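Report on one structure; see the data block that follows.
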Amino acid sequence: MTTTRKPSHRPAPADPQAARHPLWDRRFTLYFTARAVSLLGDAMMPVAVALAVGALYGISGVGLVLGVWTGTFVLLVLFGGVFADRFGARRMMVGADLVRVFTQGVLAVAFFTGKPPFWLLVTMAALAGAAVAMFLPGVNGMVPLVAREPQRANATLKVADALAHLLGPALAGLLITLTSAGTVYTIDAGTFLLSALCLALIRFDPAATPVRPPAAADSRTGTGRSLRGELHQGWREFRARTWMWAVILIWMGYGVLVFGPLVPLGSSLVGARLGPNAYGLAVSFLGAGTVLGGLLALRLRPARPLAAGTVAMALYTALPLCIALGADLPVLLAGHALGGAAIAFWSVMWATSVQTHTPPAVLNRVTAYEQAGSVSGIALGQVLAGPATALASPDRLLWVSAGACLVGCATLFAIPAIRTLHRAAPRAKPYPSAGSPGTG
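Letter 210 of the sequence shown, counting from 1, is numbered 216 in this note's numbering, and no numbers are missing.
This is the structure in structure tokens:
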């Protein structure tokens with residue numbers, strides 16, 4: 007891969023078509039709106055679960071509900087990737103949104119009418135996790151379909167994600183204080199309904215690109231490729247990229263030791279020391295930092311995106327560390343802001359690398375494998391958070407999280423395939439047509 011030195015004046019777009027097709031066309035505007043509103047609802051949920059479920063069933067209850075949600079996602083996300091490639095990402099995403107309208111609506115009614123039984127919380131968490139498993143593989147695959155410059159699109163979406171995490175947690179804490187958790191779940195159901203509508207309105211140009219080629223014949227049935235065959239093809243593509251599976255192995259460790267325990271342990275410690283409103287405020291500052299990280303990713307185009315992202319991820323250590331130290335509110339907020347900026351910059355570098363270094367025909371399946379691996383560790387970490395407090399205090403466990411974050415970053419840098427991965431050149435045909443893989 008060759009690189010060119012940018013002139014001192016404003017550079018021209020790498021893709022000449024990008025100048026004639028700005029980011030904010032109808033496709034991307036609808037997609038952005040769908041993601042932004044559902045992300046706002048999603049950002050309210052961790053605080054709602056931590057405060058509402060925690061008040062009824064304690065740390066173990068919070069960890070189990072989150073763990074069931076995440077575990078169901080991990081079990082089914084590989085099939086979501088296959089179905090997104092086979093039936094279209096948009097179709098699967100709309101269906102998943104409608105399922106989540108149902109699950110969040112049921113929980114809203116349950117909280118409005120009294121104390122929800124624990125079995126209902128777990129059941130709806132499992133059903134919602136299954137819906138997300140059908141939804142998320144298409145998120146990565148849709149970005150190249152609706153935007154000609156994936157890094158700009160990813161960074162813009164990350165800023166929306168950040169703003170949602172800035173506003174959502176504080177809004178959730180305020181609504182629970184003034185009304186009840188049922189209000190939060192009602193709003194969440196409404197966001198999924200609006201998301202489904204926006205996604206359904208996206209139209210692709212049927213004459214823009216070729217139609218998807220037919221699937222290879224299955225040797226046993228004589229028909230199209232079997233489900234097992236499509237899963238195997240996605241696995242081959244995933245396994246062929248050392249930088250990809252190496253990152254996911256490290257992220258599995260992060261899930262168990264860093265990301266998974268953070269919400270149950272952090273909400274308990276911060277809530278006990280500074281009150282529930284302080285925890286909502288801290289998560290909002292996490293969102294503020296994510297805005298900063300997303301804006302930074304809009305401006306910077308490092309030649310080695312994963313190496314740059316690793317440098318940023320080292321700063322994430324500040325987040326579990328400030329909670330473990332029992333820091334006062336200003337330091338706690340600063341640590342969350344720094345952690346948010348770090349994870350946002352890494353996320354944009356990672357998503358863009360996956361989208362631009364993976365063939366479009368298998369992108370949804372490869373995305374499913376990387377999501378299943380990275381999220382599986384989070385599920386285990388969430389479930390083990392409660393039992394682990396019997397062995398060590400929550401603040402000591404978060405010291406382990408901080409150390410694991412630094413060790414993981416050192417490991418990322420030590421792997422040449424990650425450290426030397428270069429930014430990919432733009433593709434000649436950014437969006438497939440309505441009949442191409444990944445569309446509805």
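Ideal placement from N, C-alpha and C gives every residue a C-beta, glycine not left out. Computed from a predicted structure; not experimentally measured.
If distances are taken between C-alpha atoms only, which option among the options comes closest to residue i?
i      : options                        : result
Thr129 : Ala40, Thr296, Arg106, Ser399  : Arg106
Ala54  : Val264, Phe118, Thr39, Leu181  : Leu181
Thr417 : Gln361, Trp249, Val360, Val43  : Trp249
Leu172 : Thr76, Ala343, Pro326          : Ala343
Gly266 : Asp91, Trp125, Ala408, Asp31   : Ala408
Ala320 : Ala347, Ser359, Gly111         : Ala347
Leu268 : Met355, Leu404, Leu163         : Leu404
Tyr322 : Leu205, Ala410, Gly383, Phe89  : Ala410
Ala102 : Ala206, Gly295, Gly299, Arg310 : Ala206
Gly111 : Arg92, Val406, Gly47, Val74    : Gly47
Gly235 : Arg92, Trp75, His428, Tyr37    : Arg92
Arg97  : Val43, Ala309, Ile208          : Ile208
Trp356 : Ser232, Asn283, Leu331, Gly315 : Gly315
Leu325 : Gly341, Asp334, Phe210, Val337 : Gly341
Val372 : Lys164, Leu331, Val88          : Val88
Ala131 : Ala159, Ser290, Val80          : Val80
Gly345 : Ser290, Ser382, Gly383         : Ser290
Gly144 : Tyr375, Ala398, Leu126, Ile384 : Tyr375
Cys415 : Thr197, Gly383, Val264, Ser382 : Val264
Ala195 : Val165, Leu113, Gly383         : Leu113
Val74  : Ala168, Ser382, Gln361, Val406 : Ser382
Leu237 : Phe419, Thr78, Ala394, Ala90   : Ala90
Ala284 : Ala176, Leu304, Gln361         : Ala176
Is the Cβ-Cβ distance between residue i and residue j less than 8 Å?
i      : j      : result
Ala396 : Leu339 : no
Ala202 : Leu104 : yes
Arg307 : Gln157 : yes
Met50  : Ala95  : no
Gly261 : Leu386 : yes
Leu72  : Gln377 : no
Gly286 : Ala178 : yes
Leu29  : Thr162 : yes
Ser380 : Trp257 : yes
Gln388 : Thr109 : no
Arg429 : Ala309 : yes
Cys328 : Val337 : yes
Val43  : Leu298 : no
Val152 : Arg33  : yes
Asp401 : Ala330 : yes
Asn146 : Leu369 : yes
Is residue i helix, strand or coil when you go by DSSP?
i      : result
His4   : With the chain represented from 7 up to 446, any question about residue 4 goes unanswered, as that position is not in the structure.
Asp91  : helix
Ala246 : coil
Asp401 : helix
Arg305 : helix
Asp334 : coil
Arg209 : coil
Glu155 : coil
Arg234 : helix
Ser186 : coil
Pro123 : coil
Ile193 : helix
Ile256 : helix
Arg310 : coil
Gly295 : helix
Lys435 : Caution applies to Lys435, whose pLDDT of 45 falls short of 50 and renders its modelled position unreliable; the value that the coordinates give is listed next. The answer is coil: DSSP assigns Lys435 none of H, G, I, E or B.
Gly3   : Lying before the first or after the last residue shown, residue 3 is absent from the chain, which here runs from 7 to 446.
Gly272 : helix
Gly281 : coil
Ala161 : helix
Does the beta-carbon of residue i, which I'm using as the reference point, lie nearer than 7 Å to any heavy atom of the ligand ADP?
i      : result
Tyr375 : The ligand ADP is not part of the structure shown, which contains no ligands of any sort.
**Prompt:** Between the stretch 259-275 and the stretch 45-61, are three or more C-beta pairs nearer than 8 Å?
**Reply:** yes
**Message:** Contact between the stretch 77-93 and the stretch 234-248 is defined here as three or more beta-carbon pairs at a separation below 8 Å; is this criterion met?
**Reply:** yes
**Prompt:** Should the stretch 66-79 be called in touch with the stretch 357-365, which here means at least 3 C-beta pairs below 8 Å?
**Reply:** no
**Prompt:** So, do the stretch 414-428 and the stretch 251-263 have three or more beta carbon pairs nearer to each other than 8 Å?
**Reply:** yes
**Asked** Does the count of Cβ pairs from the stretch 345-352 and the stretch 129-140 closer than 8 Å reach three?
**Response** no
**Request:** For the stretch 184-201 and the stretch 112-120, state whether three or more C-beta atom pairs, one from each stretch, are separated by less than 8 Å.
**Result:** yes
**Item:** Segments assigned alpha helix (DSSP H), at least 4 residues, entirely inside the stretch 28-114
**Value:** 32-54, 60-93
**Request:** Report the residue ranges of all alpha helix (DSSP H) runs contained in full by the stretch 322-403; include only those spanning at least 4 residues, in chain order.
**Result:** 324-330, 335-362, 369-394
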